[in-house]
Structure formats: C-alpha cells, structure tokens
Amino acid sequence: MNIELRHLRYFVAVAEELHFGRAAQRLNISQPPLSQQIIQLETETGARLFNRTNRSVQLTAAGQQLLSDARAILLQVEQAADRAARLHRGEEGELRIGFTSSAPFTAVVSDALFRFRQRWPQVHIQMQEINT
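All residue numbers for the sequence shown refer to the UniProt record's numbering, where the first residue is 1 and numbers rise by one.
See below:
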C-alpha cells in the first residue's frame, strides 16, 4: 500500500465537510486534484469510502472506520512532531547529573535544580553518585 499522510488529510476534510468543493476550499486546492487523491485512496484501500450522488456525499461503513483511524493517525503524527521539536529545544528529555559523596550539596545547587524543574517540567532529572 502506498497511502500518504496527504491522502488521510484530504480524506478527513471531505469526510468532515461531506462536500468536495468545500473540502477543496478548506485545503486551499482545486476540486479535481482532491477528487483524484480520494480515488487513489479508495484504490489503495480497495474500499469505496464515500457514496456520491450529484447532490450528496455520504461516508460508507469503511469510510466511517477510516475516518476514526485517520484522525488518530494524524493526531499521533502531530504529537510525534511536537515531541521531537520539544526534545530538540531541550524542553523534554533527561538531564543526568553526576556527583561524588564528598561534594557538598549546597543550597545553591538545590535552588538551581528547583528553578530548572520549574522552567522545564518535562525534563526528567536523574542524579547519580559517582565513585572517585
């Protein structure tokens, strides 16, 4: 199968609008390419996703199931991209701090860790004692 995220985005727009013209406007594309992408998606899945007449567009049972799955997939992709961006910016992840038992743990260090935790709550801090 060769289904791309674009196919799912286009499908969701048509399924939510139940109108190819409005879905095309929402996606900022013309209607013929949108229709072609939906036909490609139906070919790839081997299922008719919409019942089309001159006056209406309705989801089939396969279309209803794909709509639920497509929304979940698109949300997961968005969340993955957001998480990657947060990791890149250092807003999420892990900070490992090594210390020796003989090193004094001063209020300055405790205060710095507290401020760090307030600023970046999604970063897990791991303290590890190191033998010298």
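Yeah, the Cβ is synthetic: ideal placement off N, Cα and C, and Gly gets one too.
- Beta-bridge partners assigned by DSSP to Q58: N51.
- A direct Cα-to-Cα measurement between T60 and A70 gives close to 15 angstroms.
- The Cβ atoms of V12 and L67 lie closer than 8 angstroms to each other.
- Contact between Y10 and L34 is confirmed by a C-beta separation of about 6 angstroms, below the 8 angstroms threshold.
- Partner residues in the beta bridge of G93, as assigned by DSSP, are V123.
- For A62, the closest alpha carbon among the candidates L41, D82 and I73 is that of L41.
- Short of 7 angstroms from the beta carbon of A24, and not among the five residues preceding or following it, lie these beta carbons of its own chain, in chain order: S30, Q31 and L34.
- Assignment of F105 by DSSP, reduced to helix, strand and coil, places it in the coil class.
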